[in-house]
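K.L.:
Residue numbers (our numbering), protein chains in the order written: chain A, 1 to 260; chain B, 1001 to 1260.
Let me give you the structure first, and then I'll get to my questions.
What follows is the structure, given as structure tokens:
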């Protein structure tokens, strides 16, 4: 279903073919302009940071989500009532939709952009630690969805959340490490960054993909192995999942009260 | 002209009153519009914080570029950017013809009805950045300011040209709001010192696509840095402006809708 629906909007997705590489290009040029070829900062060389930016764009495609917008639209227009009649929760249906349009995006957006980035780097961009990397991308995918669905649930309490939601998208991108690696933020901020779920959704998968097999990932100044980071991500996901179910049942009561 | 200004003032007043209906959302939007625009500044500050730098540019100087960019955006976006969104919605709903019936040029009517108050956050933020940066670098001499003003004006012309083209494209390519993203990503390149451009294509950023003219040239004038090639940027901004105006008029003429 979602495949068919979104194939109709393929030009929408094709826009990413332009913006994705451009964003990558900007970051790649920033690294080249500020870092000498053999220069190192925070224990990584220029090429590794360029690879970071490439992975950030690609994983961004996979994680991209608008469950919040969709849910809010359904609630505001009252169409959400239709979904209450279905024999399974909307939470599940929306997830299936996300799976659909992201797998389509993987073909239309991610693969061509991956080829472009690999061409720029001069070698195929392949993640280290393939197994934990794959797992953490999957977990990041679920986590992003959980976060956004929770934001969408706010629609049950507020009528216009446009501004608030854009605020949160901005936080998600910046604090998730989409622009600059979180390691660049002052050490004093780091515990806060990792208390928020955003870092776990995007930054952790990228870090696992970049860390050498025997290397470690710095989380708020502490060193962890890729597998430990993955476990931490599962924990965050579980906490959000439980919280979301609580919030959802509250929201449902609220909705019945209004739609009654 | 006086009639136009009166009409325009009315449009602005209306825009403010509409947005004030939901104050919380308006304030959140204002802040977020500003927050999004401050991302490059955050990136720059973090890069400099780790000891990286653009060759021959101090942190305050780069922030001045970004401040000038934001002021330019803060002036042109409230006037022109709302138009792109509003026109696309009107074409989709089929209410655009109503504008064509009114006794003014459609472009003027679009401008009047689509003043975008929330983009004023950019202007405020830009002014703060500019004054902060100038406080660090020292006040510019009078001849430098005299050079800055025309260069800044040509930057505004280029911004306006881009937004008009965007509106014209949205009339054809209805509902594809992601075109905004393309515009933003391309112009984002104008927020960093020219050293990020590879030498071979730096000339292209002066003419025919004067992205450097958006902020880098005016800021360089203030900083007494070389502004070679600015006549190229100025000429191409003016040419592009009239070309986009021509495209705009052409699209309105060719626009066919059910209302015909």
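All C-beta atoms, glycine included, are put in the ideal place defined by N, C-alpha and C.
What you are looking at is a predicted structure, and each value in this text was computed from that prediction instead of being measured.
For residue 1228 of chain B, is the classification buried or exposed, using 16 other Cβ atoms within 10 angstroms of its Cβ as the cut-off for buried?
P.N.:
In the second chain, counting from the first residue as 1, residue 1228 of chain B sits at position 228. The residue in question, residue 1228 of chain B, is exposed, as its Cβ has fewer than 16 Cβ neighbours within 10 Å.
K.L.:
In the DSSP assignment, find the unbroken alpha helix (DSSP H) run with residue 224 of chain A in it and report its ends.
P.N.:
As a first step, residue 224 of chain A must be located in the first chain, where it is residue number 224. Secondary structure note for residue 224 of chain A: it is in no alpha helix (DSSP H), and the uninterrupted beta strand (DSSP E) holding it is 222-224.
K.L.:
Please state whether the Cβ-Cβ distance between residue 1196 of chain B and residue 58 of chain A is less than 8 Å.
P.N.:
Against the second chain, residue 1196 of chain B aligns to sequence position 196. Against the first chain, residue 58 of chain A aligns to sequence position 58. Against a cut-off of 8 Å, the Cβ pair of residue 58 of chain A and residue 1196 of chain B comes out as no contact.
K.L.:
Suppose the cutoff is 8 Å on Cβ atoms and the five residues either side in sequence are ignored; what does the same chain contact list for residue 47 of chain A look like?
P.N.:
Against the first chain, residue 47 of chain A aligns to sequence position 47. The beta carbon of residue 47 of chain A is closer than 8 Å to those of 121 in its chain, skipping five residues each way along the sequence.
K.L.:
I want to see whether chain A comes within less than 8 Å of residue 1236 of chain B, judged by CB atoms only; does it?
P.N.:
For the purposes of this step, residue 1236 of chain B is identified with residue 236 of the second chain, where counting begins at 1. Judged by the 8 Å Cβ criterion, residue 1236 of chain B is not in contact with chain A.
K.L.:
Excluding the 5 residues preceding and the 5 following residue 260 of chain A in the sequence, name in chain order all residues of the same chain whose CB lies nearer than 7 Å to its CB.
P.N.:
Within the first chain, the letter at position 260 stands for residue 260 of chain A. The pLDDT assigned to residue 260 of chain A is 40, lower than 50, so where the model puts this residue is not dependable; a value taken from the coordinates is nonetheless given after this. Answer for residue 260 of chain A: no residue qualifies.
K.L.:
Are the beta-carbon atoms belonging to residue 1218 of chain B and residue 1068 of chain B less than 8 Å from one another?
P.N.:
The residue labelled residue 1218 of chain B in the question sits at position 218 within the second chain. The residue labelled residue 1068 of chain B in the question sits at position 68 within the second chain. Contact flag set, yes.
K.L.:
Is it buried or exposed, residue 1153 of chain B, if we count other Cβ atoms within 10 angstroms and call 16 or more buried?
P.N.:
The residue labelled residue 1153 of chain B in the question sits at position 153 within the second chain. That one is exposed.
K.L.:
Below 8 Å on C-beta distance, what does residue 179 of chain A contact in chain B?
P.N.:
As a position in the first chain, residue 179 of chain A is number 179, starting the count at 1. Within chain B, the residues near residue 179 of chain A are 1039, 1042, 1043.
K.L.:
Considering only the beta carbon of each residue, do residue 143 of chain A and residue 197 of chain A sit closer than 8 Å?
P.N.:
As a first step, residue 143 of chain A must be located in the first chain, where it is residue number 143. As a first step, residue 197 of chain A must be located in the first chain, where it is residue number 197. Yes, the Cβ-Cβ distance between residue 143 of chain A and residue 197 of chain A is below 8 Å.
K.L.:
Give the residues of chain B in contact with residue 77 of chain A, contact being defined as C-beta atoms less than 8 Å apart.
P.N.:
The sequence position of residue 77 of chain A within the first chain is 77, counting from 1. Simply none; closest approach about 16 Å.
K.L.:
Should residue 1155 of chain B go down as buried or exposed, given a rule of 16 or more other Cβ atoms within 10 Å for buried?
P.N.:
Taking the second chain and counting its residues from 1, the one referred to as residue 1155 of chain B is at position 155. By the neighbour-count rule (16 or more Cβ atoms within 10 Å), residue 1155 of chain B is buried.
K.L.:
Measure the beta-carbon distance from residue 202 of chain A to residue 1186 of chain B and round it to whole angstroms, keeping in mind my assumption that it falls under 8 Å.
P.N.:
On the first chain, residue 202 of chain A is found 202 positions in, with the first residue counted as 1. On the second chain, residue 1186 of chain B is found 186 positions in, with the first residue counted as 1. Actually they are not in contact, since the Cβ atoms of residue 202 of chain A and residue 1186 of chain B sit about 24 Å apart, beyond 8 Å.
K.L.:
Please report the distance separating the alpha-carbon of residue 270 of chain A from that of residue 38 of chain A.
P.N.:
This structure cannot speak to residue 270 of chain A, because chain A is shown only from 1 to 260.
K.L.:
Once you ignore the five residues that flank residue 41 of chain A on each side, which residues in its own chain have a CB closer than 7 Å to its CB?
P.N.:
The sequence position of residue 41 of chain A within the first chain is 41, counting from 1. Once the five neighbours on either side are set aside, the close Cβ partners of residue 41 of chain A are 35.
K.L.:
Examine chain B for any beta-carbon lying closer than 8 Å to the beta-carbon of residue 144 of chain A, and answer yes or no.
P.N.:
Within the first chain, the letter at position 144 stands for residue 144 of chain A. Chain B, which has no Cβ nearer than 8 Å to the Cβ of residue 144 of chain A, makes this no.
K.L.:
Could you check if residue 1135 of chain B is buried or exposed, using at least 16 other CB atoms within 10 Å of its CB as the buried criterion?
P.N.:
The residue given as residue 1135 of chain B occupies position 135 in the second chain. Exposed.
K.L.:
Please determine whether the Cβ atom of residue 96 of chain A lies at a distance below 7 Å from any heavy atom of the ligand MN.
P.N.:
The ligand MN is absent from the structure shown, which contains no ligand whatsoever.
K.L.:
Looking at the secondary structure, which residues open and close the beta strand (DSSP E) in which residue 218 of chain A lies?
P.N.:
For the purposes of this step, residue 218 of chain A is taken as the residue at position 218 of the first chain. Residue 218 of chain A -> beta strand (DSSP E) spans 217-219.
K.L.:
Could you check the C-alpha separation between residue 1112 of chain B and residue 1007 of chain B for me, to the nearest Å?
P.N.:
By one-based count along the second chain, residue 1112 of chain B stands at place 112. By one-based count along the second chain, residue 1007 of chain B stands at place 7. Approximately 7 Å, taken between the alpha carbons.
K.L.:
Check each residue of the stretch 19-33 of chain A: if its Cβ is closer than 8 Å to any Cβ of chain D, include it; give the result in chain order.
P.N.:
The question asks about chain D, but that chain is absent: this structure's protein chains are A and B.
K.L.:
Could you work out which residues of chain B lie near residue 35 of chain A, taking near to mean beta carbons separated by less than 7 Å?
P.N.:
Against the first chain, residue 35 of chain A aligns to sequence position 35. Within chain B, the residues near residue 35 of chain A are 1052.
K.L.:
Alpha helix (DSSP H) containing residue 134 of chain A: first to last residue?
P.N.:
Working through the first chain from its first residue, we reach residue 134 of chain A at position 134. Per DSSP, residue 134 of chain A belongs to the alpha helix (DSSP H) from 130-153.
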